[in-house]
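J.:
Protein chains: 4
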Amino acid sequence: MPKSYALMVVCPDQSGLIAAVTRTIAESGGNVLHLSQYTAVDIRAFFMKTHFETSEGFDVGRFEAAFAVLAESFGMEWRLLDRERRRRVAILASKTSHCLYELLLKHQDGELDCDIPVIVSNHPDLASVATQFHVPFFQVDPEKGKAAYEVDLEGILKDYGVDLVVLARYMQVLSGELVARWREKVINIHHGFLPAFQGAKPYHQAWAKGVKMIGATAHFVSDVLDQGPIIAQDVLRVADTRSVSEFIRLGKDVERKVLYEALRLYLDNSVFVREGRTFILP
Amino acid sequence: MPKSYALMVVCPDQSGLIAAVTRTIAESGGNVLHLSQYTAVDIRAFFMKTHFETSEGFDVGRFEAAFAVLAESFGMEWRLLDRERRRRVAILASKTSHCLYELLLKHQDGELDCDIPVIVSNHPDLASVATQFHVPFFQVDPEKGKAAYEVDLEGILKDYGVDLVVLARYMQVLSGELVARWREKVINIHHGFLPAFQGAKPYHQAWAKGVKMIGATAHFVSDVLDQGPIIAQDVLRVADTRSVSEFIRLGKDVERKVLYEALRLYLDNSVFVREGRTFILP
Amino acid sequence: MPKSYALMVVCPDQSGLIAAVTRTIAESGGNVLHLSQYTAVDIRAFFMKTHFETSEGFDVGRFEAAFAVLAESFGMEWRLLDRERRRRVAILASKTSHCLYELLLKHQDGELDCDIPVIVSNHPDLASVATQFHVPFFQVDPEKGKAAYEVDLEGILKDYGVDLVVLARYMQVLSGELVARWREKVINIHHGFLPAFQGAKPYHQAWAKGVKMIGATAHFVSDVLDQGPIIAQDVLRVADTRSVSEFIRLGKDVERKVLYEALRLYLDNSVFVREGRTFILP
Amino acid sequence: MPKSYALMVVCPDQSGLIAAVTRTIAESGGNVLHLSQYTAVDIRAFFMKTHFETSEGFDVGRFEAAFAVLAESFGMEWRLLDRERRRRVAILASKTSHCLYELLLKHQDGELDCDIPVIVSNHPDLASVATQFHVPFFQVDPEKGKAAYEVDLEGILKDYGVDLVVLARYMQVLSGELVARWREKVINIHHGFLPAFQGAKPYHQAWAKGVKMIGATAHFVSDVLDQGPIIAQDVLRVADTRSVSEFIRLGKDVERKVLYEALRLYLDNSVFVREGRTFILP
């Protein structure tokens, strides 16, 4: 039966890359369905994403061996993903529900190509939302000490075979150790247009500055707060005569939209990281 | 003959403000044509802008005296502007022409209600643009020493009776003394979405961060670089796979648009400053 | 105890309107809290919205009598609304849930200043959503004949004391008689950027035309399909290489946003109708 | 010396297309620099754009012969363009200058990769603009009869070796015969968000409808007025309380932006036409 793979490649820019990759796929019995490629001239890097399906005789192990040789010669970082395998995404939330609802509703509508096996929170408030959508809900307790609490948290992630963690307005900072173990596997939504307005109360900061647009940013969590690689962003024009509480209300719609968009891009294998920032390939 | 005035008022919020102002205008022989008002609940401040025309018997001196009494009792800052008097705006530019052209073309099309009596630059490159539009052009020389150069600059502004200075990509930092003398009378365009990306090479900064939108900000110049009150802002969604030089090219259109918009708002008496930021009243 | 009223006024433009209205309010013992006003020069019409609170001695009957005299002399249409009285809004939906969820979630978050006493549908599919939010759900049956079905429908609206009907992707056309009885009291969301793409399958129409942006429109229902006065609109830039089914998926977010926005504007007494179109006053 | 080509391909979707094209280029001595490809599932069409550079031994005639064989077997329409050859673009304008200025300024800034050898108008008003930018200006006279006037017009286009005609607010309808001869070689800017507001006075139409956004559309001219394939579009949110004349003023900025964008896309070989609409490939 034919299978479908996604292949992601990053390497220094050089001549002959597209031909080499497409030839290797063809010679292994793969047929390219989609190819998207881009050269970042500022850092002389080459990015490529391709979907291919297999014909009879394709052997994934043989392909990986053949591609490893090619990758070695061109200095490629690469990843091969089985497109039929659904990623398992855990949602972490605290008290506000709009981002959690957004992901659950989109998932219910078939618009997120993943499983959501578990929801975790440091508060009991959103348990009823999880129940509405029949997803197991766990409450963890940061008060018991950061280390012990993170042991609990990571235990849940492992028990549920989680591939990716989404912080849907989760109001706890993860430790550097946990972040390191889940590098580029934790996506956070920040309610400000990063790199402006990092840290607490970004809408208050925005109001005090008198900006004319407010925004939200979804990014990979790194060891520096609110400075990991940005995946998606959007802004909303607001009359500067609106109050802070109106900024907060209006901002919710941007937050949920941006978080959903970031998750879709990730699940679509469109997010590449290089030199501390992302490059999105359609 | 009837005259038309704009009245701008800011004060602590309190009961009876709208009635008091409209009554005072009516009792002086003014007829309110337009009224726009807003209360900033976060700082308990009241803002009001009104246009009124005069009937026979209106005396501006008597009105100002009557209004001063009212203003005193409510703690108002206020300004009365003759709507027929066109402001005189000097444009300062360096080498890039897109913002200068924008203002001159909009002015030529009758879309900027001001005079542009003079253009000043620290380079000769844009002299021909000034000539195309028949505006006197002066070249000043920062190399001769900041103090001496600013004496020249301010001399030109005075000779031409300038009310407002617009920095249309003028690549010289004004001294604190000059800025203090022209407080809220110098508008700058910054090619970044402030408060992010202050200082030099904002598009390079934006690219390195991997942001998904680039922006521009028009603001009053204050004594701290790129931190004066923001008047207008806009952003443009850009594929993060674009190069820095494409950011620069695409950003030009946002810059010229935002600068033009800020100047229009100023000329329309819509820009109020309070607590270090602006409030825009339509 | 002080009460708060909203007063909406439309009339031919003429001199002295703002003064006359504010004076009448003041003389009746009202204090203007907010005033927003606008003159449509193209049709010489004047629009005004004001919020005022009452002091002791204010009598609403006396105010209405006094204002009626004023209104007569200026040719005003006007409406006085008690700002404490929450409007009762019925939601009608069919099978797709995104607009229904949006209104219920926003209401749950305290962002819609109304009651939602009842949900009606011509299908059973969304009953569980209504139940999640503890709102009574009625299924009506258009198959029994238009007239009989509309008797059922209007009976429900009356039983629940409904002031406004929101069609949240309700796939039944209302009869001219029903629309006439509920003039400017039924808001519909259309999944196209009206006046383009009226009628069925607007996303298919948009795709076939190769437009670069898709949109949604909330409007009052009138007797001509998809041509009632437009209340709110928005668009989304889409790559024209997206499929129709992606247009449909992406469009949902614009639809729910625009419908929510229209309902908020209505509840905030910001929607004026004149010459077959709306004028929105903040 | 290496040369650079763009290859544009459209055909029915089928297996093996990407491999076949890239292999043919490689075997002819071409090295693919950029590849962008897309399948329109709704009409089962495949679109592809690729840039490649040549190594020694590449012969363009031999490549075309080899590719013709491939194209025949897959049912491809295709075009090969020499990327060093600058297209020659004529601008036609009438009285309003904003679109003409935009193209000339962008060209002067090196942002339009074409030559602009001639400007033609049915009025004398813009001659001085042409002169400012040192471009020959011709005035044609529709009053002398449509046929005779179009002979003059087409004569100028031929004398100047024009490849593409841009109607930058040119207020004359071209005859069906002329349009047929210049199929997909005439780009027009319409000051409305097509397909809404076709024909005359689109801003007046938009105002009467009470739309909340105004737009502009650049499209290929076809034999049905304002209905040719759309290349680029954009909209601007406008307060519906603005007057028609303000719509006209504000709309100018959208018009010039969209026309410039369409011309860039065309010059970048990104515009494909299939089934009466365009598909834009980056």
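Chains as they are written, first to last, in my numbering: chain Z, 1 to 282; chain R, 1001 to 1282; chain U, 2001 to 2282; chain G, 3001 to 3282.
Yeah, the Cβ is synthetic: ideal placement off N, Cα and C, and Gly gets one too.
The model shown is predicted, which means the values in this text are computed figures rather than measured ones.
What first and last residue would you give for the alpha helix (DSSP H) that runs through residue 245 of chain Z?
T.: Where residue 245 of chain Z is concerned, the enclosing alpha helix (DSSP H) stretches over 244-267.
J.: Using 8 Å as the limit for Cβ to Cβ distance, is residue 2235 of chain U near chain G?
T.: Closer than 8 Å: yes.
J.: Given this structure, state the Cα-to-Cα distance separating residue 3023 of chain G from residue 3055 of chain G, to the nearest angstrom.
T.: C-alpha separation (whole angstroms): 15 Å.
J.: Roughly how many whole angstroms lie between the Cα atoms of residue 2007 of chain U and residue 2030 of chain U?
T.: The alpha-carbon atoms of residue 2007 of chain U and residue 2030 of chain U are separated by roughly 11 Å.
J.: Give the C-beta separation of residue 134 of chain Z and residue 256 of chain Z to the nearest angstrom, bearing in mind that I take them to be a contact with Cβ-Cβ under 8 Å.
T.: That pair is no contact at about 21 Å.
J.: Can you pull the chain R residues whose beta carbon is under 8 Å from the beta carbon of residue 243 of chain Z, in chain order?
T.: Within chain R, the residues near residue 243 of chain Z are 1040, 1041 and 1042.
J.: Going along chain G, which residues have a C-beta under 9 Å from residue 2283 of chain U?
T.: Only positions 2001 to 2282 of chain U appear in the structure, and residue 2283 of chain U is not among them; the question remains open.
J.: Can you give the Cα-Cα distance for residue 3266 of chain G and residue 3090 of chain G, rounded to whole angstroms?
T.: Roughly 14 Å separates the two Cα atoms.
J.: If we ignore side chains and look at the alpha-carbon of each, how far apart do residue 2276 of chain U and residue 188 of chain Z end up?
T.: Each residue's alpha carbon lies about 46 Å from the other.
J.: Taking a Cβ distance cut-off of 7 Å, strictly less, list which residues of the region 1210-1238 of chain R are near chain Z, in chain order.
T.: Cβ contacts with chain Z: 1210, 1211, 1212, 1213, 1229, 1230, 1232, 1233 and 1235.
J.: Would you mind working out which of G:3244, G:3063, G:3221 and G:3155 sits nearest residue 3180 of chain G, comparing C-alpha positions?
T.: For residue 3180 of chain G, the nearest C-alpha among the options comes from G:3221.
J.: Look up residue 3156 of chain G in the DSSP assignment and say whether it is helix, strand or coil.
T.: Reduced to three states, the DSSP call for residue 3156 of chain G is helix.
J.: With 16 other CB atoms within 10 Å as the buried threshold, where does residue 3167 of chain G fall?
T.: With 16 or more other Cβ atoms within 10 Å, it is buried.
J.: Could you name the residues that DSSP lists as bridge partners for residue 1233 of chain R?
T.: According to DSSP, which records beta bridges pairwise, residue 1233 of chain R is partnered with R:1217.
J.: Under 8 Å between C-beta atoms, does residue 105 of chain Z make it to chain U?
T.: Taking Cβ atoms only, chain U reaches closer than 8 Å to residue 105 of chain Z, which makes this a yes.
J.: Please name the residue in U:2101, U:2282 and U:2274 whose C-alpha comes closest to that of residue 2012 of chain U.
T.: Of the candidates U:2101, U:2282 and U:2274, the one whose C-alpha sits nearest the C-alpha of residue 2012 of chain U is U:2274.
J.: Which of helix, strand or coil does DSSP assign to residue 1200 of chain R?
T.: DSSP places residue 1200 of chain R in coil when its eight states are reduced to three.
J.: Using a beta-carbon distance below 8 Å, is residue 73 of chain Z in contact with chain G?
T.: False, the Cβ-Cβ gap to chain G never drops below 8 Å.
J.: Below 6 Å CB to CB, which residues in the same chain sit around residue 78 of chain Z once its five sequence neighbours on both sides are set aside?
T.: So the list reads 9 and 71, once near-sequence residues are dropped.
J.: Can you list the alpha helix (DSSP H) stretches of 4 or more residues lying completely in the region 3110-3179 of chain G, in chain order?
T.: Those alpha helix (DSSP H) runs which fall completely within the region 3110-3179 of chain G and span 4+ residues are 3127-3132 and 3146-3159.
J.: For the alpha helix (DSSP H) that residue 2096 of chain U lies in, which residues bound it at each end?
T.: No alpha helix (DSSP H) contains residue 2096 of chain U, which DSSP labels as neither H nor E.
J.: Among all the DSSP beta bridges, which residues are the ones paired with residue 35 of chain Z?
T.: Z:50.
J.: For residue 1193 of chain R, would you say it is in contact with chain Z, using Cβ-to-Cβ distances shorter than 8 Å as the test?
T.: Yes, residue 1193 of chain R lies at the interface with chain Z (some Cβ there is under 8 Å from its Cβ).
J.: Assign residue 2063 of chain U to one of three DSSP states: helix, strand, or coil.
T.: If DSSP states are grouped into helix, strand and coil, residue 2063 of chain U belongs with the helices.
J.: When Cβ atoms are compared, which residues of the region 3243-3260 of chain G fall closer than 9 Å to chain R?
T.: Cβ contacts with chain R come from 3249, 3252, 3253, 3257 and 3260.
J.: My guess is that residue 1156 of chain R and residue 1120 of chain R are in contact by the Cβ rule of under 8 Å, so how many angstroms apart are they, rounded?
T.: So it is a contact: roughly 6 Å between Cβ atoms.
J.: Once DSSP output is grouped into helix, strand and coil, what is the label at residue 181 of chain Z?
T.: Three-state result, residue 181 of chain Z: helix.
J.: In angstroms with no decimal places, state the Cα-to-Cα distance between residue 229 of chain Z and residue 1084 of chain R.
T.: Spanning the two alpha carbons is a distance of roughly 53 Å.
J.: Can you tell me which of the three DSSP states residue 3089 of chain G falls into?
T.: The answer is strand: DSSP assigns residue 3089 of chain G an E or B state.
J.: Rounding to the nearest angstrom, what Cα-Cα distance links residue 1242 of chain R and residue 50 of chain Z in this structure?
T.: Roughly 20 Å between the two C-alpha positions.
J.: Report the rounded CA-to-CA distance for residue 3126 of chain G versus residue 3105 of chain G, giving the unit in angstroms.
T.: Whole-angstrom Cα-Cα distance: 15 Å.
J.: Once DSSP output is grouped into helix, strand and coil, what is the label at residue 189 of chain Z?
T.: Three-state DSSP puts residue 189 of chain Z in a strand.
J.: Could you pull the DSSP bridge partners for residue 207 of chain Z from this structure?
T.: Looking at the DSSP assignment, residue 207 of chain Z forms no beta bridge with any residue, so it has no partner.
J.: Could you name the residues of the same chain whose beta carbon sits closer than 7 Å to that of residue 3154 of chain G, not counting the 5 residues immediately before and after it, in chain order?
T.: 3178.
J.: For residue 1040 of chain R, does the count of other Cβ atoms within 10 angstroms reach 16, so buried, or fall short, so exposed?
T.: By the 10 Å Cβ count, residue 1040 of chain R comes out buried.
J.: Could you tell me the distance, in whole angstroms, from the CA atom of residue 2239 of chain U to the CA atom of residue 3279 of chain G?
T.: Rounded to the nearest angstrom, the two C-alpha atoms are 9 Å apart.
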